[in-house]
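Report on one structure; see the data block that follows.
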Amino acid sequence: MMMNAARSLALALAVIDGVSGFIPQARHGRAARAASTFEGTREPLRPGSRTHLAATVAPKATNEAPAVGSADLPWTELGFEFRDTKSHLKFTWREGQGWDEGELVEGAPYINIHIAATGLHYGQSCFEGLKAFARKDGSVALFRPEENAKRMASSGARTMMPFLDSDTFVQACARVTRDNMAYVPPYGSGGALYLRPLLFGSGPRIGLQPAAEYTLLFMVMPVGDYYKGGLSKPVNAVVVEGYDRAAPQGVGNVKVAGNYAADLLPNQLNKKAGFPISLYLDAKTQTNVEEFSTSNFYGVKLGAGPKGEDLYVTPNSPAVLPSITNKSLMQLAESLGMKVERREVCSCCCSACFFLFTLKKTAM
962 MMMNAARSLA LALAVIDGVS GFIPQARHGR AARAASTFEG TREPLRPGSR THLAATVAPK
1022 ATNEAPAVGS ADLPWTELGF EFRDTKSHLK FTWREGQGWD EGELVEGAPY INIHIAATGL
1082 HYGQSCFEGL KAFARKDGSV ALFRPEENAK RMASSGARTM MPFLDSDTFV QACARVTRDN
1142 MAYVPPYGSG GALYLRPLLF GSGPRIGLQP AAEYTLLFMV MPVGDYYKGG LSKPVNAVVV
1202 EGYDRAAPQG VGNVKVAGNY AADLLPNQLN KKAGFPISLY LDAKTQTNVE EFSTSNFYGV
1262 KLGAGPKGED LYVTPNSPAV LPSITNKSLM QLAESLGMKV ERREVCSCCC SACFFLFTLK
1322 KTAM
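Counting from 1 along the sequence shown, just add 961 to a position and that's the residue number in my numbering.
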């Protein structure tokens, strides 16, 4: 039964990506993507239920919306890169006015921006990433967009930017997905429609202060696996040395653009050395595991719980971005009877802290 729990978690990981970890002896597979209704039904994460991975659903194709996957694209060979689609959704916030109603923008994917915009000069920029999946019945499910709304609100508050309320954010995700249904990869293709909400200061300031205008874009594009081959072709990780991702009291726990700029150099150096993904240790002591360049870290140790159950461990650090995928997997792990621990995960090569040294020697 313990092994089944780990394998069930691996099945969930095959569906909801954005987190990296190590499950010993687990077989990875692809489970059915599930969804609730667009009218607002929210189902708890529950293994065995066809709604346990659900959030929100974009409706089936209508006279106003083309069929899912009707664009002429190589659906099984998408990769993870930018592709033009029909439209993006643009909101503007102005001081004294608040947010406008938003508009769907078709045509070239470009914007005009003031040369003194705070997003350019002072890094007032944050973003989110979530996916919409085609279902067998022709509808499209968004994976937990309300969680992305919460996280963007946290990022906005930390960097003094206004943000949409959760309901408006979710409706915006559904709105832009509906308008781009033709670009949602068909059911069974292995792809998804990737949504990238991007919030930045678009108003001019030269002194260090918040802007009087902000822009929020919802861009979409069809994508395949982030790493070619997905879970069927695991990749090697390496521990980053000589660089830190985020400081303990900095902005590592929010999804601001600068966090990723800081990772570009070590990330590219490690890729050239043959390691597609890099793992950061804590900036203060360089002894504890924090997270990968593009995802949270977790480890599963079979039978290591206090009652002999499997143990799911993930770092608890103020410098780590709260992963929605990791949160989902923790909920699933608990419901499968696993013991979930959020704590320090040391990087020493001892039997009690095997996660890191196993990752260094084997594929994820």
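Just so you know, even glycine gets a beta-carbon here, dropped at the ideal spot from N, CA and C. On a predicted model such as this, the values are computed, not experimentally measured, just so you know.
Identity of the residue in 1298, 1229 and 1102 nearest residue 1142 by Cα: The residue with the shortest Cα to Cα distance from residue 1142 is 1102.
contact_flag[the segment 1264 to 1279, the segment 1291 to 1306] where n(CB pairs < 8 angstroms) is 3 or more: Flag = yes, the segment 1264 to 1279 and the segment 1291 to 1306 touch.
Three CB pairs or more closer than 8 angstroms across the segment 1075 to 1084 and the segment 1194 to 1205: No, they do not touch.
Among 1267, 1246, 1218 and 1248, nearest to residue 1254 - alpha-carbon criterion: Ranking the options by Cα distance to residue 1254, first place goes to 1218.
Selection from 1298, 1129 and 1136 that minimises the alpha carbon distance to residue 1266: Ranked by how close their Cα comes to the Cα of residue 1266, the residues 1298, 1129 and 1136 have 1298 in first place.
Beta-carbon proximity of residue 1110 to residue 1063, cut-off 8 angstroms: Cβ distance not < 8 angstroms, so residue 1110 and residue 1063 don't count as in contact.
Same chain, Cβ closer than 6 angstroms to residue 1084, neighbours up to 5 away in sequence not counted: Answer for residue 1084: 1219, listed in chain order.
Identity of the residue in 1125, 1203, 1159 and 1059 nearest residue 1090 by Cα: Looking at the Cα atoms, 1159 is the closest of the given residues.
Environment of residue 1030 [buried if 16+ CB atoms lie within 10 Å]: Looking at its Cβ environment, which holds 16 or more other Cβ atoms inside 10 Å, residue 1030 is buried.
Any C-beta of chain C under 8 angstroms from that of residue 1262: Although the question refers to chain C, the structure presented lacks it and comprises just one protein chain.
Element boundaries [alpha helix (DSSP H), containing residue 1105]: For residue 1105, no alpha helix (DSSP H) encloses it, and the DSSP letter there is neither H nor E.
DSSP-derived helix/strand/coil call for residue 1071: DSSP places residue 1071 in coil when its eight states are reduced to three.
Among 1258, 1182, 1052 and 1239, nearest to residue 1157 - alpha-carbon criterion: Of the candidates 1258, 1182, 1052 and 1239, the one whose C-alpha sits nearest the C-alpha of residue 1157 is 1182.
Three-state secondary structure assigned by DSSP to residue 1134: Helix, per DSSP.
Extent of the continuous beta strand (DSSP E) run through residue 1392: Because the chain in this structure spans residues 962 to 1325, residue 1392 falls outside the shown range and cannot be described.
Exposure of residue 1059, with buried meaning 16 or more beta-carbon neighbours within 10 Å: Exposed: under 16 other Cβ atoms inside 10 Å.
Residue 1140 beta carbon less than 8 angstroms from that of residue 1360: In the structure as shown, the chain starts at 962 and stops at 1325, and residue 1360 therefore has no counterpart that could be examined.
Start and end residues, alpha helix (DSSP H) containing residue 1285: Residues 1285 to 1296.
Selected residue, minimal CA-CA separation from residue 1037, among 1238, 1046 and 1146: With distances taken between Cα atoms, residue 1037 lies closest to 1146.
Cβ-Cβ distance between residue 1121 and residue 1171 below 8 angstroms: Closer than 8 angstroms, so yes.
DSSP state of residue 1300 mapped onto helix, strand, coil: In the structure shown, residue 1300 sits in a strand (DSSP, three-state: E or B).
Residues near residue 1167 by beta carbon distance below 7 angstroms, same chain, minus five either side: So the list reads 1077, once near-sequence residues are dropped.
Own chain partners of residue 1081 with C-beta closer than 6 angstroms, once the 5 adjacent residues on each side are dropped: Closer than 6 angstroms at Cβ, skipping near neighbours: no residue.
Endpoints, beta strand (DSSP E) assigned at residue 1241: Bounds of the beta strand (DSSP E) holding residue 1241 are 1238 to 1242.
Residue 1211 and residue 1294 closer than 8 angstroms at C-beta: Cβ distance not < 8 angstroms, so residue 1211 and residue 1294 don't count as in contact.
Cβ pair residue 1154, residue 1093 closer than 8 angstroms: Yes, the pair counts as a contact, with Cβ atoms nearer than the cut-off.
Test item: CB-CB of residue 1185 and residue 1039 under 8 angstroms: Closer than 8 angstroms, so yes.
Where residue 1202 falls: helix, strand or coil (DSSP): For residue 1202, the three-state secondary structure derived from DSSP is coil.
Cβ-based burial, residue 1246 [other Cβ within 10 Å; buried from 16]: It is exposed - the Cβ of residue 1246 has fewer than 16 other Cβ atoms within 10 Å.
Alpha-carbon to alpha-carbon, residue 1079 and residue 1191: Looking at the backbone, the Cα of residue 1191 and that of residue 1079 are separated by about 37 angstroms.
Cross-strand partners of residue 1307 (DSSP beta bridge): According to DSSP, which records beta bridges pairwise, residue 1307 is partnered with 1249.
Terminal residues of the beta strand (DSSP E) in which residue 1092 lies: Unbroken beta strand (DSSP E) run through residue 1092: 1091 to 1095.
Extent of the continuous beta strand (DSSP E) to which residue 1162 belongs: Residues 1153 to 1162.
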